[in-house]
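> First the structure, then my questions, so here it is.
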């Protein structure tokens, strides 16, 4: 049963029950009947009694028994305090955590023994006059739980609270702790992520551009030289072994040989001579040209002391001798030309004095360009393709063809042939004399020129007396091209 309420509190205070158990008091707490109020040294507690008892201000270091008579205001508070010795033991135990308070206090000893506060006097005071200052506008507290206008216990203020004094503030209800905190709300499940967009299909690659057709390869250059050979010769001009180029070529030399140097120059290696990479006195270098020429360009390197050259027709017959030193030279290049076509040319070493005396030559030769004896007129070419070509002789008074006259052009396809039998009626069928009637030379583009003389006028090598000049397109020139055309029946001669 609650009989008193903590109206204000300074320091600490406890309530001890009849079994000696302590509980610490807070502002607004209630004390039960037969409990003992215990205050700490220096503390103060203002008690109010709901049953109309006067408020009591309890000083520090005091024990006050809660009795019914105290609550009713019928008991002097001094008679309800405990003795000072037991209080001193209890207060000392508060400062020593090693002492058990239950060993100090005997519940059965709690009684109405006389006692006092910290100063040895009364540990409490009745407040009969506090009602004069309990106007709500003036009842203020300087410190938590202590009334500012309440006199200290040492002053011994005594009296009673008037009957019309304001009631003590209500004791706060105990906090209902039966209801625990609300369970946390489970978070919402996260939204499923959106499915990723399907990637776009890659663009089909562009079709590659068709490669350009390769350029047609250039026609191979016509070789300027069909053959070359080295010889030893005497001092005679166009006589003996030097009289015929074909015989000179066939005879050859056992002590000399033609040499093609890495630089493209030709020389004669003659045993016993000083320089194997040069043409010296007593040595000759013979070239067989790829066709009859009116002019040929050569590059010369080295000393030309007394050096000469010989020209030969298609039969190999010698017909002209010239001096290399007399030719106009520019950057080592010389042009050898003649009014008659030539098929062979021989370069001969020499000396500056008679009988191979004086300074001797030592030079090498590189072929550069060939000027054919009869150049085709490409603007008047008549391209034809038939199985067989027939020819008829002109009148007896007709002039022979000149190099400036038009040239017929034909392309022989598979199975095609040229029928020349009516043009060769003067030929006796002897293969050794066929070259008097038919000759072949290289065209500028590598094809073959066919020269025809119905009277056999080519025995002197004079191809410009040809009755017909034919360009055989697609027939590459070489030394045996005429014989091959006859054997393959592409030319009919009998």
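Residue numbers (the UniProt record's numbering): 1 to 494.
Note that CB positions come from ideal geometry on N, CA and C, so glycine has one too.
(1) Is residue 483 helix, strand or coil when you go by DSSP?
(2) For residue 353, which option in 23, 315, 305 has the closest C-alpha, if you only look at C-alpha atoms?
(3) Return the CA-CA distance between residue 193 and residue 204, expressed in angstroms with no decimal places.
(4) Can the beta-carbon of residue 307 be found closer than 8 Å to that of residue 325?
(5) Inspect the beta-carbon positions of residue 327 and residue 336 and report whether they are closer than 8 Å.
(6) So for residue 152, helix, strand or coil by DSSP?
(7) If we ignore side chains and look at the alpha-carbon of each, how far apart do residue 264 and residue 227 end up?
(8) Please classify residue 245: is it buried, with 16 or more other beta-carbons within 10 angstroms of its beta-carbon, or exposed?
(9) Helix, strand or coil: how does DSSP classify residue 366 here?
(10) Quick one: using the 10 Å Cβ neighbour count with 16 as the cut-off for buried, is residue 286 buried or exposed?
(11) Quick one: grab the DSSP three-state call for residue 434.
(12) Can you name, in chain order, every residue of its own chain whose Cβ lies under 6 Å from the Cβ of residue 417, other than the five neighbours on each side?
(13) Is residue 200 buried or exposed, if buried means 16 or more other CB atoms sit within 10 Å of its CB?
(14) For residue 358, which three-state DSSP category applies?
(15) How would you call residue 310, buried or exposed, if buried means at least 16 neighbouring beta carbons within 10 angstroms?
(16) Using the Cα positions of residue 13 and residue 67, report the straight-line distance between them to the nearest angstrom.
(17) Taking 7 Å as the limit between beta carbons, can you name the residues of its chain near residue 494, skipping five residues before and five after?
(18) Please name the residue, chosen from 469, 447, 329, 301, that lies closest to residue 481 on a Cα-to-Cα basis.
(19) If we ignore side chains and look at the alpha-carbon of each, how far apart do residue 63 and residue 28 end up?
(20) Name the residue from 288, 225, 212, 255 whose alpha carbon lies nearest to the alpha carbon of residue 247.
(21) Can you check DSSP and say which residues form a bridge with residue 452?
(22) Given a cut-off of 8 Å, decide if residue 274 and residue 283 are closer than it, judged by their beta-carbon atoms.
(23) According to the neighbour-count rule (16 or more other Cβ atoms, all chains shown, within 10 Å of its Cβ), is residue 16 buried or exposed?
(24) Among residues of its own chain, excluding the 5 on either side of residue 32, which ones have a beta-carbon nearer than 8 Å to its beta-carbon?
(25) Across which residues does DSSP place residue 297 in a beta bridge pair?
(26) Report yes if the C-beta distance between residue 60 and residue 73 is below 8 Å; otherwise report no.
(27) Given 8 Å as the limit, is there contact between the region 437-451 and the region 290-302, that is, 3 or more CB pairs closer than that?
(28) Under DSSP, the alpha helix (DSSP H) around residue 246 begins and ends at which residues?
(29) Could you name the residues that DSSP lists as bridge partners for residue 317?
(30) Hey, could you find the ends of the alpha helix (DSSP H) residue 71 is sitting in?
(31) If you count every other CB in all the chains shown that lies within 10 Å of the CB of residue 10, and 16 or more means buried, which is it?
Result, derived from the coordinates:
(1) DSSP places residue 483 in helix when its eight states are reduced to three.
(2) 305
(3) One Cα belongs to residue 193, the other to residue 204, and the distance between them is close to 32 Å.
(4) yes
(5) yes
(6) Because residue 152 carries a pLDDT of 48, less than 50, the predicted location of this residue cannot be relied on, and no value is offered for it.
(7) 14 Å
(8) buried
(9) strand
(10) buried
(11) helix
(12) The answer, listed in chain order, is 388, 489, 490, 492.
(13) The residue in question, residue 200, is exposed, as its Cβ has fewer than 16 Cβ neighbours within 10 Å.
(14) coil
(15) buried
(16) 18 Å
(17) 421, 429
(18) 447
(19) 19 Å
(20) 288
(21) 438, 468.
(22) No, Cβ-Cβ distance for residue 283 and residue 274 is not below 8 Å.
(23) buried
(24) 1, 2, 3, 15, 17, 66
(25) 335, 369
(26) no
(27) yes
(28) Unbroken alpha helix (DSSP H) run through residue 246: 245-251.
(29) 244
(30) 68-72
(31) buried
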